[in-house]
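First residue of the sequence shown: 1, per UniProt numbering; consecutive thereafter.
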Amino acid sequence: MSAFSGHYPYTAGPNDAPPIPLTPQQLALAYHHFQFMQQNTMPPPPPPPPQAPVIDPALQVRDPNTNTQRLEALESSLLKTTQKSDAYLLRDAKGLSVKQEEVRKQLMKKMKTELMTLTGMARDANSESNSDSESSSAPPARPSRSVMSFDFNQNIDHPMNTKVIDRAAELIWKEQHDPKADTFSLLHKDVKFTLADIASVGKTNFRTWKRSWKAETDTAAAAKRARQEAKGRQIMRKKDLKRNRLKALPEYKKRHKKNPAFILETDWMSDEISGPDTDDEAKKDIHRKLLVEAAKLTPEQESQPLWERVRPGFQTTEMTEIKDDLDGICEEQKLTQKKKSRPVVQRLNLGNLHSRIPAGTLWPFMIRQDWYDETLAVNAELESALSLYTKNPEGFGDELDDGYGGDDEGGHA
């Protein structure tokens, strides 16, 4: 019998004894020996175990309140990222539909109420139904429970002020941006608005309250605001005077066969003042007595409001007569009206004129020659500020008596 010359089987036969089990240490030594035989080098030893425990025993457990604040900060950040800072839909009242205007007014009232609640300003129980006009938006002086506060010494972009506005805007946004939410209370569910719209309303409230605060604490600011309000009233009275004279134009054209509409510019209307622009009470009292005497009021009527009509110093007799004719037609129209109108404040002319340089471009027949010589001809800077046409419109300035004759160079004076 020939000897077996093949490979020995890799596994033992069924009758062979089972292999001797090796310990992990023996297996490791065998593995190292195998590696040494293959590479002639020993493998690197394993890294030493850590000296300190994996979890620091001194690590403090997170405060639940801190976790809540972190979640609120994340939610606030998410709200801001979903709304672009310049994405305004309802900020400007012009061009809005009726529904948009109604929603805008609701948001203005809600924002005002929320700001007053956050800052602890005392308010009446029905503040949300109050008008949001500037006159009724001043913050009361007596504070209630204060949660946050404005710093009126700083501007709107100060972190302390923006924090209050952003917080109020986010609260209203959470309540009202989802029409399906239980907190939604706006009139129209289909009107879209943004977080930036709400914040812009809060900024308007802040500016209004800051002006009121300054008027109460800063005498210089209070005087400046009083002058601004007086100037605003003057402009409104001029606009009313212009509006009434425009109503008389059709009748004037029938009577005189010409149209003086071009002279009815707001800046060219007469001033209507209740008193001189001064802090001297004695001068104010003297002016009031002159108005009462000119109006021929009885002692019982002396408390009635009276205005002095101060005409522009530049206007000619022709321009004055045109305005007087228009005013006369206005009075005739008021007498024929059946509906009752509010009591009209009596206007009186004491012969005073103002010397302001008129705005816009005027026609020569409007400018008094003596006013031009005394006011403009001696001052090149003022003369350059006046703009004049070279010719009068047809039907005006045909008989110049005191009108400006123009210059020799032509063009605008």
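Every residue gets a Cβ at the ideal spot worked out from N, C-alpha and C, and that includes glycine. Keep in mind the model is a prediction, meaning the values are calculated, not measured.
Taking Cβ to Cβ, would you say residue i is nearer than 8 Å to residue j?
i	j	result
Leu186	Gln106	yes
Val98	Leu118	no
His256	Val310	no
Ala199	Leu115	no
Val345	Trp371	no
Ala221	Ala215	yes
Asp166	Leu89	no
Arg227	Arg211	no
Pro276	Lys289	no
Glu394	Arg347	no
Val292	Phe193	no
Between the C-alpha atoms of residue i and residue j, what's the straight-line distance to the nearest angstrom?
i	j	result
Ile329	Lys247	9 Å
Thr183	Asp151	31 Å
Thr66	Glu170	20 Å
Pro179	Ser149	31 Å
Thr23	Pro57	36 Å
Pro250	Glu265	17 Å
Ala295	Asp218	38 Å
Lys94	Thr390	39 Å
Lys189	Ala181	11 Å
Thr361	Val191	45 Å
residue 415	Trp173	Given a span of 1 to 413 for the chain in the structure shown, any question on residue 415 remains unanswerable.
Ser387	Tyr252	27 Å
Arg142	Trp213	For Arg142, the predicted structure reports a pLDDT of 41, less than 50, and the residue's modelled location is therefore unreliable. A value from the coordinates is still provided. In a straight line, the C-alpha of Arg142 is about 13 Å away from that of Trp213.
Pro44	Leu74	47 Å
Gln304	Thr298	10 Å
Tyr31	Arg70	53 Å
Asn259	Ile322	10 Å
Asp132	Met236	Low local confidence applies: a pLDDT of 44 at Asp132 is under 50, so the model's placement there is unreliable, with the coordinate-based value given in what follows. About 21 Å.
Asp280	Gln301	24 Å
Leu376	Thr278	26 Å
Ala385	Asp373	15 Å
residue 466	Val164	No statement about residue 466 is possible, as the shown extent of the chain runs from 1 to 413 and does not include it.
Asn392	Met319	12 Å
Pro53	Met121	55 Å
Ala380	Arg356	15 Å
Gln234	Asp325	22 Å
Ala327	Met269	Going by the sequence as given, residue 327 is Asp instead of Ala. Between Asp327 and Met269, the C-alpha separation is close to 12 Å.
Leu382	Lys110	51 Å
Arg145	Glu72	Reliability of the predicted coordinates at Arg145 is poor, the pLDDT of 48 falling under 50, and the value obtained from them is presented with this limitation in mind. Taking the straight line joining both Cα atoms gives about 23 Å.
Arg207	Ile286	38 Å
Ser85	Thr162	Low confidence applies here, because Ser85 scores a pLDDT of 46, under 50, leaving its location unreliable; read the following figure in that light. Their Cα atoms are separated by approximately 13 Å.
Phe396	Leu96	44 Å
Pro46	Ala17	36 Å
Leu29	Thr68	56 Å
Ala261	Lys254	14 Å
Ser76	Glu175	14 Å
Ile20	Leu27	12 Å
Asp274	Gln333	For clarity, residue 274 is Ser in the given sequence; the question names Asp instead. Rounded to the nearest angstrom, the two C-alpha atoms are 25 Å apart.
Which first and last residues belong to the beta strand (DSSP E) in which residue i is found?
i	result
Leu306	306-312
residue 416	Past the edges of the chain, shown from 1 to 413, lies residue 416, and the structure says nothing about it.
Arg347	346-348
With residue i as the anchor, note down where its alpha helix (DSSP H) starts and where it stops.
i	result
Asp16	Taken as a continuous stretch (DSSP letters only), Asp16 belongs to no alpha helix (DSSP H), as it is neither H nor E.
Leu264	First-last for Leu264: undefined, no H or E at that position.
Ala58	No alpha helix (DSSP H) contains Ala58, which DSSP labels as neither H nor E.
Arg207	195-217
Asn352	That residue, Asn352, is in no alpha helix (DSSP H); it is neither H nor E in DSSP.
His287	281-295
Met148	No alpha helix (DSSP H) holds Met148; DSSP gives it neither H nor E.
Ser97	Where Ser97 is concerned, there is no enclosing alpha helix (DSSP H), given that its DSSP letter is neither H nor E.
Lys174	159-176
Ser384	380-385
Ile322	317-336
Check whether the Cβ of residue i lies closer than 8 Å to any Cβ atom in chain D.
i	result
Gln315	The question asks about chain D, but that chain is absent: this structure has only one protein chain.
* Asked: Is the region 155-163 close to the region 201-211, with three or more CB pairs under 8 Å?
  -> Enough Cβ pairs lie closer than 8 Å, so yes.
* Would the region 356-369 and the region 313-323 be scored as touching if the rule is three or more Cβ pairs under 8 Å? -> With three or more CB-CB distances shorter than 8 Å, the region 356-369 counts as touching the region 313-323.
* Asked: Okay, do the region 265-285 and the region 238-245 touch, 3+ Cβ pairs below 8 Å being the bar?
  -> The region 265-285 makes contact with the region 238-245: 3 or more CB pairs, one atom from each, lie closer than 8 Å.
* Starting from the N-terminal side, write out each stretch of the beta strand (DSSP E) that is 3 residues or longer and does not extend beyond the region 224-254. => For the region 224-254, not a single whole beta strand (DSSP E) run of length 3 or above is found.
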